[in-house]
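Chemist: Once you've had a glance at the structure underneath, I'll fire off some questions.
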Amino acid sequence: MRFVPLVALLFAQTLGRQRRVIFGVPLARGELPYLTSIVARFPHHNAGEGTLCGGSLIASNIVLTAAHCLLNEETNTRATSLNVTINDFVLDQPDKGEIAVPASHFDIHPQYYEAFESAYDIGIIFLAKSVPICEGENPIKKKPFQIARLPFNVTTGWPLMSDSGLESSACYHSGWGVTKS
Numbered sequence: 004m005r006f007v008p009l010v011a012l013l014f015a016q017t018l019g020r021q022r023r024v025i026f027g028v029p030l031a032r033g034e035l036p037y038l039t040s041i042v043a044r045f046p047h048h049n050a051g052e053g054t055l056c057g058g059s060l061i062a063s064n065i066v067l068t069a070a071h072c073l074l075n076e077e078t079n080t081r082a083t084s085l086n087v088t089i090n091d092f093v094l095d096q097p098d099k100g101e102i103a104v105p106a107s108h109f110d111i112h113p114q115y116y117e118a119f120e121s122a123y124d125i126g127i128i129f130l131a132k133s134v135p136i137c138e139g140e141n142p143i144k145k146k147p148f149q150i151a152r153l154p155f156n157v158t159t160g161w162p163l164m165s166d167s168g169l170e171s172s173a174c175y176h177s178g179w180g181v182t183k184s
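Counting from 4, one number per residue, gives the positions in the sequence shown under my numbering.
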């Protein structure tokens, strides 16, 4: 598998753990149409549980994410199912223009298995179907490499207040991708 060389900072959040984007500002709806939310389910999860991560749509059927979103390092088990939502702005309610698609399969950078090092924390998700490439609500034609161009100093995610719930279910972004547990 050939991995696309990108500088992308991804926000990942395991449900049940407190972690949030700090010093962030709310995004405008449609500002990042390539943003995806990913719910990964693992064998150890109870019904309805999952790991929430973010990703970027880099082609009409491919999402770039972090390998740690797809592999449980404690048990060394891969996710058994992935549900991806493109153009997801508010996590706890359907958004106009969002598209939910299951993954057909995924790959993890082969060197990530060896040391779980952040340099190889790269995962690629292949969607079960292609989705229209959108800028907000309007489909546009772009070359795949243009979709993946992210500013170097931007991280996106959904901030959490505590183990009990979301501080805000609207997407935030911050410079340099600062997250704090």
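Where is the CB? At the ideal position from N, CA and C, for every residue including glycine.
Out of F45, I128 and S59, which one is the CA nearest neighbour of E77?
Modeler: Nearest option by C-alpha distance: F45.
Chemist: Taking the beta strand (DSSP E) that A43 belongs to, which residues open and close that run?
Modeler: Residues L38 to R44.
Chemist: Below 8 Å, can you find three or more Cβ-Cβ pairs linking the region 112-128 to the region 88-96?
Modeler: Contact between the region 112-128 and the region 88-96 is absent, because fewer than three Cβ pairs lie under 8 Å.
Chemist: From the DSSP output, in three-state form, read off H2 for me.
Modeler: Here the chain has residues from 4 to 184 only, and residue 2 is not among them.
Chemist: Starting from A82, trace the beta strand (DSSP E) both ways and give me its first and last residue.
Modeler: A82 -> no beta strand (DSSP E), and no H or E assigned at all.
Chemist: Which residue's Cα is closest to the Cα of G134: T54, H47 and A62?
Modeler: Residue 134 is actually Val in this sequence, not Gly. Nearest C-alpha to V134: A62.
Chemist: How close, in whole Å, do the beta carbons of G51 and L38 come, if the pair is a contact with beta carbons under 8 Å?
Modeler: That belief does not hold up - the Cβ atoms of G51 and L38 are roughly 24 Å apart, past 8 Å.
Chemist: Could you have a look at A118 and say whether DSSP puts it in helix, strand or coil?
Modeler: A118: helix per DSSP, three-state reduction.
Chemist: What is the C-beta distance between V42 and G53, in whole angstroms, given that I count them as a contact (C-beta under 8 Å)?
Modeler: That belief holds up - the Cβ atoms of V42 and G53 are roughly 4 Å apart, short of 8 Å.
Chemist: Smallest Cα separation from F109: which of P29, T68, F92 and L94?
Modeler: The shortest Cα separation from F109 among P29, T68, F92 and L94 belongs to T68.
Chemist: Please say whether Y123 and A70 have beta carbons closer to each other than 8 Å?
Modeler: Yes.
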